[in-house]
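Per the working numbering, numbering of the sequence shown is gapless, rising by one per residue and ending at 703. Glycine included, C-beta positions come from ideal geometry on N, C-alpha and C. Reading through the C-alpha cells given below for one structure.
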Amino acid sequence: MIPILSADNIISADLRGAIIALGNFDGFHQGHQAVAQNAYDWAQRKNHPLIIATFDPHPVRYFRPDTPPFRLTTLEQRQKLFADAGANAMLIFSFNASLASTKAEDFIANLLVDRLGAYGVVTGEDFTFGQGAKGDITLLHGYGAMVGLSGKAVKAVKDSEVISSSRIRKALQDGDPQSAMALLTRPFTIEGKVIHGDKNGRQLGYPTANIELHQYLRPKYGIYAVKGRLSDGRILNGAANLGMRPTFDPPKELLEPYFFDFNEDLYDQTIEVELHHFIRGEAKFDNLDDLKKQMALDCEKARALLDR
C-alpha cells in the first residue's frame, strides 16, 4: 500500500518534485479519475513522483459541523483507489482553522512549493483553495509561475451533465445504486468492522454481518442486492438491509448483509459491502413469520439480479 503523508510535514527528498493531483476526491468518481490520470501522465513524461492529495475532514464538515453524514469513501478506501491510479503516495491536508485562514498565495508558495516541494499541480477547473476560497486555477497559473510551480486544470467530465459527488449522493439517496455505479465506475462500497448484533437474523435463519455506517452517506433505507469482499479476497453474493430495522425494538441503524451459502464467523473482521441493486424500501412487519417470508423473496430476487 502507498504511504500516507501529512501536509503538516516537510516531504522526504525522494518525493519532492512531485506532480500533485489536488482535490477533495471524495468518491474518486470519473471526474476525479480524469484529474488523477492527467497528473499521472504528466509525472510519467517528466519522470517525477505522483502524489494524490485529499482533505480531511472535508471542508464542508469543518464549516458546517452539523451537516448529516455524506462521505462516499473513507481515507482507507481513498488510499487504495489512489494507489490503483498510480500514485506513489497519498497526501492529507488537515482542514483546520490554520488551513482555512491560509491566504491562497501562501497556500501556493509556503505549502505547495516550500513545504511539499511540488513541481506541478493538477486540479479540476472549478477547484478553489485558500482563505475565502479566493484561490483558483488562474491564480495557480499566474502566481504559481512566479514561485516556480506549474499548474494544470482538467475540464469537468460530462455525460448528459457534469459528473459530481453530489449527483452520486442523490442517486444513492433515491435508491438508484446503478446510476451511482456508472458515475463512480464501480459500486458504492461501505467498508467496516463486523460487530455483534442482537442475533435476530440468526434466529430467523438469515445470519447477518452487522456494520455501522459511521460517516458514510446514508443511501435510501431498504433492501439491497449486494456483494461482499472478505479480508482474504473472497467475494460473496448476498442481500442486505440498510436502515433502522423497524420490525425490531429498539430501532438501530445498521448495514446488515446476509451472504448466500456462507456460514463462517466474520466478527471483528473488516469487510467491504458493495450496493448493486435496490430491491425495496424498509417495512415494518406485524410478525416474524411475515418478515421471514419476505426475506426469502428478497433473497430470491437478489440472487436473480446478481446472477444476471
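#### Entry: Pair within 8 Å by beta-carbon distance, K550 and V517
Position 155 of the sequence shown, counted from the start, is the residue given in the question as residue 550. Position 122 of the sequence shown, counted from the start, is the residue given in the question as residue 517. For K550 and V517, no; Cβs fall outside 8 Å.
### Task
Pick out whichever of T462, A431 and H443 has its Cα sitting closest to the Cα of T449.
Position 54 of the sequence shown, counted from the first residue, corresponds to residue 449. Cα-wise, what sits closest to T449 is A431.
#### Entry: Exposed unless 16 or more other CB atoms sit within 10 angstroms - verdict on Y662
Numbered from its first residue, the sequence shown carries residue 662 at position 267. Burial call: exposed.
### Task
Please name the residue in D660, D684, G570 and D656 whose C-alpha comes closest to that of N636.
Residue mapping note: residue 636 aligns to position 241 of the sequence shown, counting from 1. Of D660, D684, G570 and D656, the residue nearest in Cα terms is G570.
### Message
Assuming G587 and T468 are in contact, meaning their beta carbons sit under 8 Å apart, how far apart are those beta carbons, in whole angstroms?
### Response
Along the sequence shown, read from residue 1 onward, the residue named residue 587 stands at position 192. Along the sequence shown, read from residue 1 onward, the residue named residue 468 stands at position 73. No, G587 and T468 are not in contact; Cβ-Cβ is about 13 Å, not under 8 Å.
### Message
Rounding to the nearest angstrom, what Cα-Cα distance links A577 and F583 in this structure?
### Response
Your numbering for residue 577 matches position 182 in the sequence shown. Your numbering for residue 583 matches position 188 in the sequence shown. Computed Cα separation, rounded: 10 Å.
### Query
Leaving out the 5 sequence neighbours to the left and right, which residues in its chain are closer than 7 Å to P652 when beta-carbon positions are compared?
In the sequence shown, residue 652 corresponds to position 257, counting from 1. Correct list, in chain order: T603, A604, V621, G623, G633, A635 and V668.
### Query
Using the C-alpha atoms, what's the distance from E695 back to Q689?
In the sequence shown, counting from the first residue as 1, residue 689 sits at position 294. In the sequence shown, counting from the first residue as 1, residue 695 sits at position 300. If I take the Cα positions, the gap works out to 10 Å.
### Task
Please check the pair V542 and I503, which I expect to be a contact at CB under 8 Å, by giving their CB distance rounded to whole angstroms.
As a first step, residue 542 is located in the sequence shown; it is residue number 147 there, counting from the start. As a first step, residue 503 is located in the sequence shown; it is residue number 108 there, counting from the start. Sure, about 6 Å apart at Cβ, within 8 Å.
### Query
If you run the structure through DSSP and keep just helix, strand and coil, what is G539?
Sequence index remark: in the sequence shown, residue 539 carries index 144 (1-based). The answer is helix: DSSP assigns G539 an H, G or I state.
#### Entry: Test item: CB-CB of A438 and I414 under 8 Å
What you label residue 438 is simply residue 43 of the sequence shown in a count that begins at 1. What you label residue 414 is simply residue 19 of the sequence shown in a count that begins at 1. Closer than 8 Å, so yes.
### Query
Thinking just about the alpha-carbon of each residue, which of L544, Q573, G512 and N658 is nearest to the one in G600?
In the sequence shown, the residue the question calls residue 600 occupies position 205. When only C-alpha atoms are compared, the closest one is N658.
### Query
I think G512 touches T523, with their Cβ atoms under 8 Å apart; what is that distance to the nearest whole Å?
Residue numbering aside, residue 512 sits at position 117 when the sequence shown is read from its first letter. Residue numbering aside, residue 523 sits at position 128 when the sequence shown is read from its first letter. Going by Cβ atoms, the distance from G512 to T523 rounds to 23 Å, so no, they are not a contact pair.
### Query
If I618 sits next to I674, beta carbons under 8 Å apart, how far is it from one beta carbon to the other, in whole angstroms?
Locating residue 618 in the sequence shown gives position 223, where the first residue counts as 1. Locating residue 674 in the sequence shown gives position 279, where the first residue counts as 1. Between I674 and I618 the Cβ distance is about 4 Å, and since that is below 8 Å, they are a contact.
### Query
Does DSSP classify N491 as helix, strand or coil?
As a first step, residue 491 is located in the sequence shown; it is residue number 96 there, counting from the start. It is coil, neither helix nor strand.
#### Entry: Per-residue DSSP class, three states only, for S407
Taking the sequence shown and counting its residues from 1, one reaches residue 407 at position 12. Three-state DSSP puts S407 in coil, outside helix and strand.
### Query
What are the complete beta strand (DSSP E) segments, minimum 3 residues, inside the region 463–515?
484–489
### Query
From F458 to Y611, what does the alpha carbon distance come to, in whole angstroms?
For this step, residue 458 is matched to residue 63 along the sequence shown. For this step, residue 611 is matched to residue 216 along the sequence shown. Each residue's alpha carbon lies about 18 Å from the other.
### Task
Taking Y457 as part of the alpha helix (DSSP H), name the residues at either end of that continuous run.
Locating residue 457 in the sequence shown gives position 62, counting from the first residue. P454 to F458 is the span of the alpha helix (DSSP H), which, as asked, contains Y457.
### Query
If you drop the 5 nearest sequence neighbours on each side, which residues of the same chain put their C-beta closer than 7 Å to that of P646?
Taking the first residue of the sequence shown as 1, we reach residue 646 at position 251. For P646, where only same-chain residues beyond five positions count, the Cβ hits under 7 Å are M639 and R640.
### Query
Are I447 and M485 closer than 8 Å when you measure CB to CB?
Sequence index remark: in the sequence shown, residue 447 carries index 52 (1-based). Sequence index remark: in the sequence shown, residue 485 carries index 90 (1-based). Cβ atoms of I447 and M485: closer than 8 Å.
### Query
Is A548 helix, strand or coil when you go by DSSP?
Stepping through the sequence shown from its first residue, residue 548 is reached at position 153. Correct three-state label for A548: strand.
#### Entry: Same chain only: Cβ atoms within 7 Å of L410, ignoring 5 sequence neighbours per side
Here residue 410 refers to the residue found at position 15 of the sequence shown. Short of 7 Å from the beta carbon of L410, and not among the five residues preceding or following it, lie these beta carbons of its own chain, in chain order: P444, I446, N483 and A484.
### Query
Does DSSP put R624 in a helix, in a strand, or in coil?
The residue you call residue 624 lines up with position 229 of the sequence shown. Strand at R624.
### Where the beta strand (DSSP E) through A635 begins and ends
Here residue 635 refers to the residue found at position 240 of the sequence shown. In the DSSP assignment, A635 falls within the unbroken beta strand (DSSP E) covering I630 to G638.
### Message
Can you give me the C-alpha to C-alpha distance between D532 and T580, rounded to a whole angstrom?
### Response
Your numbering for residue 532 matches position 137 in the sequence shown. Your numbering for residue 580 matches position 185 in the sequence shown. A small fix is needed here, since residue 532 is Ile in this sequence, not Asp. Approximately 27 Å between the Cα atoms of the pair.
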